[in-house]
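Only one structure is covered here, and it is reproduced in the block below.
Chains as they are written, first to last, in the working numbering: chain A, 12 to 272; chain B, 12 to 272.
Shown next, in the form of structure tokens:
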């Protein structure tokens, strides 16, 4: 798509788009991944392309729940790996949890390619600086992050076919799953299995957003960066979480943008 | 993306998505075409996936202007050909104007492929039934639609590089251009050349929407189908056209959806 000037007001959005175009060419994404990204772009545009106060609260809530869970897991798909893989590896290193590649349109080739990409990202993150506030051995914490998804041996109840496949030692036995960019059916199935589900979804009206335990209405790259800060800070939960109120605040922002406020 | 059940409430949206996935595989689309489609999907979702009253007024206004123009032209890109090619050929047959393939990310291969696809669509439309209300020789009218874009010899003033290229006997000398799914820079350049510009754009806040003479805030497939009916009916213009009011009405619908109305 050509060079993007440093000064372009929508530079981060255009860079994200370019990353996805490149990833599609490398076979990392499902056919419809770019369409899904475009839907997100439109909602992010209406949200002002910034993390709202209510999204920030949701990120803090997600962090507190991940840190206090017994068996947290981060589930990633192609778009998530491409846009936020490194920061989610940082989150996993701090939380001490595995990352599972779990795909709606599952193929062994894409699982393998995404695991390879994640392993590269993990090596890069391990060799880089620790997040501010982290005082332990960073390279060791990062290198300990297990990357799951290959040889998946479990299944998500209530789903059919390839989209039900998961890892027993990952999503299968998790008590909380962070699933950025998840689809509604799977979000619902995970909730019905009794798991807490944290999603990152730019559409506050989507079924995923409405089904989740905690919905972060934010762009996945920004949300993952903010989540790194939160898990390092280690704030406790803020009391009862009202997910409906969080969605309502996101809708107010969109309605405000549409009303020209 | 698998079978789409006849009863699926969002069947037309899913079929459109599948058409684009197929077209991308055939090399008809630019890298970012599916992202652009996704953005449109999100806005259409907020608009209720139906043609609003104000979009219908814009379609009627566009029809009246196309029918009374000296040199109307329909400019199409990959997404437009794939999603609305046949209906735009019907419009061109009734109006008696050429269709020009004009691409933001122009390559000779994509121009050639899209012209081939349009020629196939033209043959199919010519062999099919005339629209209700048409009494002349349909096959002849359709076969007369010129398909331009190859060997482009003109340029759109105020633009640089390949995106400025156009046909002198098409966009170059047009007094009105129907450009579904246009980008803001080109829309602005065409307006600055003194042309009337009719766009079809699902985002009422986009620069394209705000720059155009007449903005149809509607999904391109639905809008093109409605436009066929309008040009056959041949209604006159409705007096002064207030494009700002049309955009404002679309924004009200989106704000209403976001407010849960």
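Backbone N, C-alpha and C fix where the C-beta goes; we use that ideal spot for every residue, glycine too.
DSSP places residue 111 (chain B) in the uninterrupted beta strand (DSSP E) bounded by 110 to 112. In this structure, residue 246 (chain A) sits away from residue 68 (chain A), with a CB-CB distance that is not shorter than 8 Å.
The beta carbons of residue 159 (chain A) and residue 89 (chain A) sit no closer together than 8 Å.
Contact holds between the region 222 to 230 of chain B and the region 191 to 209 of chain B, because three or more Cβ pairs, one in each stretch, are under 8 Å apart. Distance check between residue 167 (chain B) and each of B:86, B:234 and B:57 places B:86 closest, using alpha-carbon atoms only. Counting C-beta atoms within 10 angstroms of its own C-beta, residue 161 (chain B) has fewer than 16 neighbours from the protein chains shown and is therefore classed as exposed. Residue 181 (chain B) counts as buried, since at least 16 other C-beta atoms from the protein chains shown sit within 10 angstroms of its C-beta.
In the displayed model, residue 153 (chain A) falls within a helix according to three-state DSSP. Following the DSSP letters along the chain, one finds residue 63 (chain B) in no beta strand (DSSP E), marked with neither H nor E.
Residues of chain A with a Cβ closer than 8 Å to the Cβ of residue 214 (chain B) are, in chain order, 53 and 56.
Per the Cβ contact rule, the region 136 to 147 of chain B is not in contact with the region 111 to 121 of chain B (fewer than 3 Cβ pairs under 8 Å).
Counting only runs of 3+ residues, the beta strand (DSSP E) found wholly inside the region 179 to 249 of chain A occupies 187 to 191, 207 to 211 and 225 to 227, in chain order. Membership of residue 264 (chain B) in the alpha helix (DSSP H) is indicated by the continuous run 254 to 269.
Neighbours of residue 187 (chain B) in chain A, taken as residues whose beta carbon is under 7 Å from its own, are absent, since the nearest beta carbon is some 28 Å off. Taking a beta-carbon distance threshold of 8 Å, residue 161 (chain B) does not count as an interface residue toward chain A. Excluding residues up to 5 positions away in sequence, 27, 30, 231 and 232 lie with their Cβ nearer than 7 Å to the Cβ of residue 94 (chain A) in the same chain.
For the region 235 to 265 of chain A, residues whose beta-carbon sits nearer than 7 Å to a beta-carbon of chain B comprise 262 and 265. C-alpha of residue 58 (chain A) to C-alpha of residue 43 (chain B): approximately 22 Å in a straight line.
Relative to the Cα of residue 105 (chain A), the nearest Cα in the group A:170, A:236, A:169 and A:131 belongs to A:236.
The C-alpha of residue 149 (chain B) lies about 43 Å from the C-alpha of residue 51 (chain A).
Between the C-alpha atoms of residue 153 (chain A) and residue 163 (chain B) there is a straight-line separation of about 55 Å. Chain-ordered, the chain B residues with CB closer than 7 Å to the CB of residue 48 (chain A) read 46 and 49. The beta carbon of residue 169 (chain B) is closer than 7 Å to those of 200 and 203 in its chain, skipping five residues each way along the sequence.
By a beta-carbon distance limit of 8 Å, residue 110 (chain B) contacts residue 156 (chain B). Their separation comes to about 6 Å. Scanning chain A for C-beta atoms nearer than 8 Å to the C-beta of residue 28 (chain B) yields 43 and 46, reported in chain order.
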